[in-house]
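The structure appears below as structure tokens.
2 protein chains.
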Amino acid sequence: MDIKTLCLGLLCKGEASGYDLKKQFESTFKHFYPAGYGSIYPSLADLAAKGLVNCREMAQEKKPDRKVYSITDAGRQAFKEALQEADPEHKLRSEYLVAMYFADFLEPQRLEQMLSGWHETLGNGVTRLDSIEKGFGNDAPAGTRFVLGFGKAIAHAMAQYIEENRDMLTGTEGSRPGERSRETGSTASANNIETRL
Amino acid sequence: MDIKTLCLGLLCKGEASGYDLKKQFESTFKHFYPAGYGSIYPSLADLAAKGLVNCREMAQEKKPDRKVYSITDAGRQAFKEALQEADPEHKLRSEYLVAMYFADFLEPQRLEQMLSGWHETLGNGVTRLDSIEKGFGNDAPAGTRFVLGFGKAIAHAMAQYIEENRDMLTGTEGSRPGERSRETGSTASANNIETRL
DNA sequence: TGCAGCATGTAATTTGTTACATGATTAA
DNA sequence: TTAATCATGTAACAAATTACATGCTGCA
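Line by line, the protein sequences are chains A and B.
Under the working numbering, the residues of the first sequence are numbered 35 to 231, in order.
Under the working numbering, the residues of the second sequence are numbered 35 to 231, in order.
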């Protein structure tokens with residue numbers, strides 16, 4: 035599955051311009067299938083060339099022209115087939131986890147910073163998804179509710195894992211849940227990795 | 035960050051061949067940074083060309099020759115810098131979620147199948163990570179423990195979310211927000227997470 | 001006899017990202 | 001006046017996947 039197919043799927047739900055699709059990618063899809071204009075516009079051109087979508091140009095007053103794409107029967111068919119086929123892939127690629135794996139190559143304060151930054155980012159993600167959900171009111175389709183809820187649940191789980199396990203990496207002395215280390219000094223933190231790097 | 039950098043990082047922890055590195059990617063890294071031979075071998079060649087690693091060929095009896103790569107000072111330096119820099123990216127791309135978003139385009143039994151398959155896959159993932167963890171005994175470095183634990187925690191959270199919310203998509207009676215099916219002893223619905231982290 | 005493991009790589013292709021290129025309107 | 005929103009695209013580049021290509025050993 036690629037972004038082209040996803041564009042096709044979105045057009046099954048209603049006609050839209052490339053710009054419109056981008057907004058959908060930014061809101062509902064961002065946390066599990068991001069895409070930019072650089073992928074979307076060529077996709078639409080390609081779909082149109084294959085007869086899977088139709089395009090009609092609309093002039094607008096005081097706004098640039100827009101090209102509105104609508105699905106064709108062949109397109110709807112093609113999407114259904116694409117959706118059916120193949121065992122779905124679920125791929126994660128995380129530089130945060132790479133950094134954590136190599137935590138002993140980072141300076142302690144940089145590590146702390148990363149963990150905090152990650153945690154904060156996750157919190158913002160939950161907030162973001164929350165407001166998207168509210169934006170739908172009560173009319174959000176089941177699929178939308180499912181994926182938004184998923185995003186929130188997982189972001190929350192990640193944040194919680196970080197909270198509960200960060201001291202595994204930061205090497206706080208006798209750190210127990212609830213006891214916070216004072217930083218700033220960073221002297222005593224016995225970090226046992228080769229000093230001359 | 036790319037696979038080349040990750041190879042460099044792994045070589046910081048000890049010398050290895052491309053084949054060895056692949057095994058590490060298969061075990062510890064698979065759930066957050068997968069890579070195949072097609073990425074690893076060219077990476078090593080490139081790192082060697084740049085003087086970031088050294089290579090020595092070792093003849094073996096009854097086995098193919100192997101090329102063992104070891105990090106150089108420049109390489110260690112380069113890795114540390116790569117690790118420091120940039121706000122880390124954490125990217126998910128899930129065809130499962132795409133399928134769930136478009137659930138109404140799937141035939142009910144195919145949907146059920148996908149949900150079950152996904153759930154099962156997640157369970158296998160946890161089992162896999164568990165056995166990797168056990169393979170380390172007690173000597174697993176903190177970074178390794180952190181990333182393996184992370185993988186398990188998140189896979190578990192996803193499985194739980196699916197359990198608790200699958201009826202949102204499958205249209206089982208009682209899937210309305212007010213009327214959710216209660217599962218024995220199960221925690222609060224992952225759908226209603228506190229925004230504050 | 002056949003398959004899994006050991007061990008290396010290349011080349012073509014696919015895919016997506018980034019930077020570039022343009023330009024009007026509207027709200028702060 | 002500055003920035004954001006609307007709106008479209010292309011071209012160069014980066015990165016990773018897939019298929020191809022080889023061949024021996026040991027086990028069941």
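We treat Cβ as the ideally placed atom computed from N, Cα and C, and that holds for glycine.
Every value quoted in this text rests on a predicted model; they were computed, and no experiment measured them.
Checking 8 Å against the spacing of the C-beta atoms, do residue i and residue j come in under that value?
i, j, result
"B/L86", "B/A50", "no"
"B/L140", "A/L117", "yes"
"B/E129", "A/P122", "yes"
"A/L131", "B/V181", "yes"
"A/F66", "B/R127", "yes"
"B/S77", "B/K38", "yes"
"A/C89", "A/K101", "yes"
"B/G43", "B/F113", "yes"
"A/K187", "B/A191", "Sequence check: residue 187 of chain A is Ala here, not Lys. Taking 8 Å as the Cβ cut-off, A/A187 and B/A191 qualify as a contacting pair."
"A/L40", "A/Y103", "no"
"B/I196", "B/W152", "yes"
"A/K56", "A/I74", "yes"
Span of the beta strand (DSSP E) holding residue i?
i, result
"A/L126", "124 to 128"
"A/Y103", "97 to 105"
"B/N88", "87 to 94"
Please report the residue range of the alpha helix (DSSP H) in which residue i lies.
i, result
"A/R179", "176 to 199"
"A/H153", "142 to 170"
"B/A79", "71 to 83"
"B/K56", "52 to 61"
"A/G43", "37 to 46"
Report yes or no: do the segment 173 to 188 of chain B and the segment 137 to 146 of chain B share at least 3 C-beta pairs separated by less than 8 Å?
no
Within 9 Å of chain A by C-beta, residues of the segment 138 to 150 of chain B in sequence order
Those residues of the segment 138 to 150 of chain B that come within reach of chain A (Cβ to Cβ, closer than 9 Å) are D138, F139, L140, E141, R144, M148.
For the segment 190 to 205 of chain A and the segment 162 to 174 of chain B, state whether three or more C-beta atom pairs, one from each stretch, are separated by less than 8 Å.
no
Taking Cβ-Cβ distances below 9 Å as the criterion, which residues of the segment 103 to 132 of chain A are in contact with chain B?
R110, F113, K114, L117, Q118, A120, D121, P122, E123, H124, K125, L126, R127, S128, E129, Y130, L131, V132
Can you list, in chain order, the residues of the segment 166 to 188 of chain A whose Cβ is nearer than 8 Å to any Cβ on chain B?
P175, A176, G177, T178, R179, F180, V181, G183, F184, K186, A187, I188
Identify each residue in the segment 75 to 103 of chain A for which the Cβ-Cβ distance to at least one residue of chain B is less than 8 Å, and report them in chain order.
Within the segment 75 to 103 of chain A, no residue qualifies.
Using a Cβ cut-off of 7 Å, which residues of the segment 193 to 205 of chain A contact any Cβ in chain B, in chain order?
A193, Y195, N199, M202, L203
What are the residues in the segment 42 to 53 of chain B lying within 8 Å of chain A by C-beta distance?
G43, C46
Residues within the segment 56 to 68 of chain B neighbouring chain A, beta-carbon criterion of under 7 Å
H65, F66, Y67
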